[in-house]
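A short write-up of the structure that comes next.
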Amino acid sequence: MRGNTVTSCRVPHRGPPAGCRRSGMRVLAGGLARIRLIPCGCEARPGRRECPLSHEPIITSSKGASVMPSVREGREPRRAAAGSRRWVALVLVLCVASGLAGWWRWQSWSSATSLLAQAETAWSQARFADAERLALSAWQGDKARTDAVLLAARAAMAQQAWERALLHLQPLTTGRGPHSLEAQILAAELLHRRVQRLGAAERAYRAVLARDAEHIAAHSGLADLLSLCGRKAEAVPHILHLLRAGIETEHLLLLARADGVIDDLAALQAARRADPDDPNPLLGLAWRAARDEQYASALQLVRQALQQQPDLAAAHLLLGQVWLAQRRHDEYDAWQDQLPPGAFEFGETWDLLGRMAEQRQLTREALRCYWESVRRSPERKGPAIALSRLLAENGRTADAAVFREHVRRLQNLEETQNRALFSGDQGRVDLLDELCQAYEAAGRLWEAWAWRRFADTLSDSATNGHADRARLAQLLSGAPLTLMVDSANPALRVDLSSYPLPQRGRGSPASAAAAHGVAEPRSVSQRAIPSAVAASPQFRDDAASAGLHFRYFNGSEGVPSRRMFEFTGGGLAVLDYDADGFADVYLTQGRRWPPTAPDPDHGDLLFRNLAGEHFVDVSPQAGIIEQGFGQGATVGDYNCDGFPDVLVANIGRNVLWENRGDGTFADVTSASGLAGDEWTTSVLLADLNADALPDIYEVNYVTAPDVFDRVCRHPDGSPKLCMPFEFYPQPDRLWLNRGDGGFRDATAEVLGEIPLGMGLGIAAWDAHGNGRLSLFVANDTTPCFFMTPAPAEAAGFALRECGVESGLAFNADGKATGAMGIAVGDIDDDGQMDLHVTNFYAEANSLFFAAAAGVFEDRARTAGLHQATWNQLGFGTQFLDADLDGRLELFIANGHVDDLRAWNRPYRMPAQLFRWDSTLRQFREWPSDVLGPYFQQTWLGRPVARWDWNRDGRDDLLIGHLDAPVALLTNVTPHSGRSLSVRLIGIQSNREALGTTVRVRWGDRTIVRQLTAGDGYQASNERRLVIGVGDAASLDEVTVAWPSGMVQTFRDVVVPQEWWLREGFAPQVP
């Protein structure tokens, strides 16, 4: 045998060296050599040597020659030889150990392979417990078999033993072996989906991405986790990674939603139970609480989250939103000082800073912050809307137009998303084509490309789609993963970087304003408030007892068929048609559908008021034979003959009824030049061009070939009402009064580019204090319109739509709501008219305070209306001073458009009455049990008109319903205050005196009321102002500003009393 041989002697009093039974191991001893351990007493082949007494091994060559070094005779050479022998012994021990280890590994590998095979067989036979046990035994036999660990973990998962599976995976997740990445993602999914330890899952996902930045499952899991916890901004990059990888993912729908949050309360609660200290579920629950205006709960949760993770940017953002919503400025300042650096990377942070700066009247700082927000998050409408408004206010009209156009593109995208993704037409290729185009127009190319791919899978003949996909792919080549490409970001075209940033740590709002030379507005709580009225308002339904018998018919008998025309309801128009001083009422009626034949059972009705005691139907005597499908109605003296006329909105031909002054009416629609067959919901007769002649504005709704026949379906196939965005907007129309008894269609001339909306309500008032009427149109799921007359020096009359700049197009969240009813009044006694707008269910109503002439801000949250109206669906609404204390109450008629009780949605809803608390600057809802029986029932409320039908100096209400008779709510409030009731008649101004402002002063209190038109939803109020003055016995001064510019002042006015005031004349007391 070649190589060297190690020979060991056997000593009588010692056992053989351990491991002397193995041979053939290679060691390093002056070079690689094959060696054998030979027990003492055996020959060392090929030559035999006796063992020396020193017990040191003798190394011989294969030829029998000694290979040990030469030594001198004597003691020193012997010592040297002994040292060498000890060295060789050590080498021999190592060799033995290595040999035994190798043998054991071979035995273990052989055994592990067999066990793993058995485990795999057990797995295939669904014997998961056996599979887990065998796989673990295989791994214990050979730690290199990490595939056995994975199998054991999966077998534990099959038994729903999630924690045991995580325990199996733990050794693999800390290394970088062949299966470690697979183990890491499996552990992350277990932590996320099964045991709900979200913080640990987030760290596990991020560990996977640190090793593989394109890992699909990790990006998908993080997108879900972050979206669940209210961290949409952080989820977006992960979703875009999936899109770039060509993954068809439901996350596209998350990007399409405004909040982009996965709303799963059960998952958040389970995650909190799994780890009470995990900031992720705490943040998700806080986000939900803040959304529902449960601010105390939101604050507690978000503070707990920040205690666990102080640098969690999303938690800081939510905290700032809560402070801002509650106008808690001191806390907001402390919040701003504590913001972590990472928070400034989010557009939402800058939006909050901008809103706070604007609240403090720091316009330049607000502009800079909003600009920074758009620069980082150009997909968000809110900051862009604010920039358009503030830039226009500050004279930068060209720059304002850049942001206004950006908002238009974003809104177009939102409306297209609604039709293509959230309607009954989901999956239609033509709508998906529109969606792709809208995404591309908005600069959101990654989503355009993804939806294009999806649309192409639905149509084999989509050759244009394939071309678009290729073109988009080319545009995206090398593009960064951002929601919007830079070329579509308006903040990169308008530079506001020279504007100042807000100072930090400035303390209270007053000191902040003082530091910038801005006077803080005087608090309402510092003003003199009239003495409180002892009792709450009370109302009594007198419709039946007063003979006002009317029930609207919506074309559906029995169970509603869910066609679109069934939900809107009819209209109410209050007028004194016989000039006896008592208000009469015209009520529009529906009819059987389709309207192809006469319907003798249904028609509009005119009720005459008999001295404030009773009503009588005088429709036949008055010549009212109107069988259109009635919607809203309005009143105005179109021919200026002193008698109010009625314009009725219909589905189809609208009708103008001329009051002949003898108790009869004539249909002069065709003779006056009016035409059209659109679906008109609301109409307005008002002097828009300041020539003292009433003009007409028609608010139109939606259109489609099957708009009146289509019935949409729930997922289970049951019928449901379609949503408005499943159709197309019907343009409004405007008619100018020619002065000869006729009208001409001046829509294009006056409106220019005709705006497209889905209109339901309208209101007109003098918003700028210049005697000219502005118009607000409440649109359903499209931006609301605010139209103001062009400057007087401009050539010709024109209305300019400036909803975005004014702040009225969207609510505080930048959303185009399902707007319907409108109330106009000065809530906070600053002399400017504010607006309340009712919205769809789960949207909350909007409360637009006038911040300046023609500029508004939605403060529904801070004014206490957001949560109170969230679970209501409002239609008609009115401001009125029910208890005559000088403060306006707010009335809302509610009721759903579809019966969704099977889906836990209320159908009939109670009406609501709110009082204004001037100290807290909030509305407080009156308890229903103190207001009267009507408020303790539920209704499908629709139009609401305000009038004083019995002339007792208190405003009453008239309410229409879908499935119940009309309600006449007579104001019977005990111990109410005094009032000045004023009926205005224009001479130089329009005869209806619309836009006339009455200012009343007594002591140090001043209130302002204006005669407006259109309030209520498909309604027309009595042309009368009832001004409550509390317990005042006289008024120091009453000032009347007419639209013509004439101003009349009256002093030392005794109250209560009623005036009939003709422009330029002294008041008459009837």
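Under the numbering used here, the first residue of the sequence shown carries the number 119, and numbering increases by one thereafter.
All residues carry an ideal CB built from backbone N, CA and C; glycine is no exception.
Quick caveat: nothing in here was measured; it's all calculated off a predicted structure.
Three-state secondary structure assigned by DSSP to residue i
i: residue 569; result: helix
i: residue 188; result: Low local confidence applies: a pLDDT of 37 at residue 188 is under 50, so the model's placement there is unreliable, with the coordinate-based value given in what follows. Coil, per DSSP.
i: residue 557; result: helix
i: residue 264; result: helix
i: residue 768; result: strand
i: residue 116; result: Examination of residue 116 is not possible in this model, given that the chain is present from 119 through 1188 alone.
i: residue 413; result: helix
i: residue 838; result: strand
i: residue 847; result: strand
i: residue 511; result: helix
i: residue 994; result: strand
i: residue 907; result: strand
i: residue 706; result: coil
i: residue 1147; result: coil
Contact set for residue i: own chain, Cβ-Cβ below 8 Å, skip 5 residues either direction
i: residue 350; result: 344, 372, 377, 378, 379
i: residue 1186; result: 1177, 1178, 1179, 1180
i: residue 450; result: 438, 441, 442, 474
i: residue 886; result: 892, 906, 971, 972
Cα-Cα separation between residue i and residue j, rounded to whole angstroms
i: residue 1164; j: residue 1155; result: 16 Å
i: residue 606; j: residue 419; result: 38 Å
i: residue 995; j: residue 790; result: 32 Å
i: residue 306; j: residue 967; result: 49 Å
i: residue 531; j: residue 503; result: 15 Å
i: residue 462; j: residue 434; result: 11 Å
i: residue 1193; j: residue 570; result: This structure cannot speak to residue 1193, because the chain is shown only from 119 to 1188.
i: residue 558; j: residue 492; result: 18 Å
i: residue 943; j: residue 1096; result: 19 Å
i: residue 616; j: residue 480; result: 15 Å
i: residue 1184; j: residue 680; result: 55 Å
i: residue 1031; j: residue 664; result: 23 Å
i: residue 1051; j: residue 1045; result: 12 Å
i: residue 1158; j: residue 1167; result: 6 Å
i: residue 628; j: residue 448; result: Residue placement at residue 628 is flagged as unreliable, the pLDDT there being 32, under the threshold of 50; the coordinate-derived value follows with that caveat. Each residue's Cα considered, the two are about 10 Å apart.
Cut-off 6 Å between Cβ atoms - residues of its own chain near residue i, not counting five sequence neighbours on either side
i: residue 397; result: 423, 426, 427, 430
i: residue 536; result: 843
i: residue 1108; result: 805, 810
i: residue 1099; result: 1071, 1144, 1176
i: residue 983; result: 963, 965, 1041
Own chain partners of residue i with C-beta closer than 7 Å, once the 5 adjacent residues on each side are dropped
i: residue 1192; result: Any answer about residue 1192 is impossible in this case: the structure gives the chain only from 119 up to 1188.
i: residue 1139; result: 692, 1063, 1064, 1065, 1133
i: residue 1022; result: none
i: residue 298; result: 290, 291
Where the beta strand (DSSP E) containing residue i begins and where it ends
i: residue 732; result: 732 to 735
i: residue 1012; result: 1007 to 1012
i: residue 246; result: Premise fails: residue 246 lies in the alpha helix (DSSP H), 246 to 259, not in any beta strand (DSSP E).
i: residue 521; result: No beta strand (DSSP E) holds residue 521; the alpha helix (DSSP H) holding it covers 515 to 539.
i: residue 344; result: Per DSSP, residue 344 belongs to no beta strand (DSSP E); it is in the alpha helix (DSSP H), 334 to 346.
i: residue 1265; result: Lying before the first or after the last residue shown, residue 1265 is absent from the chain, which here runs from 119 to 1188.
i: residue 1034; result: 1030 to 1035
i: residue 726; result: 723 to 728
i: residue 879; result: 877 to 883
i: residue 1177; result: 1175 to 1180
i: residue 1153; result: 1152 to 1159
Boundaries of the alpha helix (DSSP H) in which residue i is found, first to last residue
i: residue 303; result: 298 to 307
i: residue 477; result: 465 to 477
i: residue 377; result: Careful: residue 377 lies outside any alpha helix (DSSP H) and carries neither H nor E.
i: residue 313; result: It is not in any alpha helix (DSSP H) - residue 313 carries neither H nor E in the DSSP assignment.
Contact with chain B by residue i, beta-carbon distance below 8 Å
i: residue 251; result: Looking at the structure shown, chain B is missing, and only one protein chain is on hand.
Legend entry - Inside the stretch 1039 to 1127 only - beta strand (DSSP E) runs reaching at least 3 residues: 1040 to 1043, 1059 to 1065, 1074 to 1079, 1085 to 1089, 1097 to 1103, 1115 to 1120
Legend entry - Whole runs of the beta strand (DSSP E) within the stretch 588 to 623, excluding any shorter than 3 residues: none
Inset, instruction - Could I get the ranges of all uninterrupted alpha helix (DSSP H) runs contained in the stretch 385 to 430, with 4 residues as the minimum, in chain order? - result: 397 to 409, 413 to 426
Legend entry - Every unbroken alpha helix (DSSP H) within the stretch 935 to 990, with a cutoff of 4 residues, ordered by chain: 984 to 988
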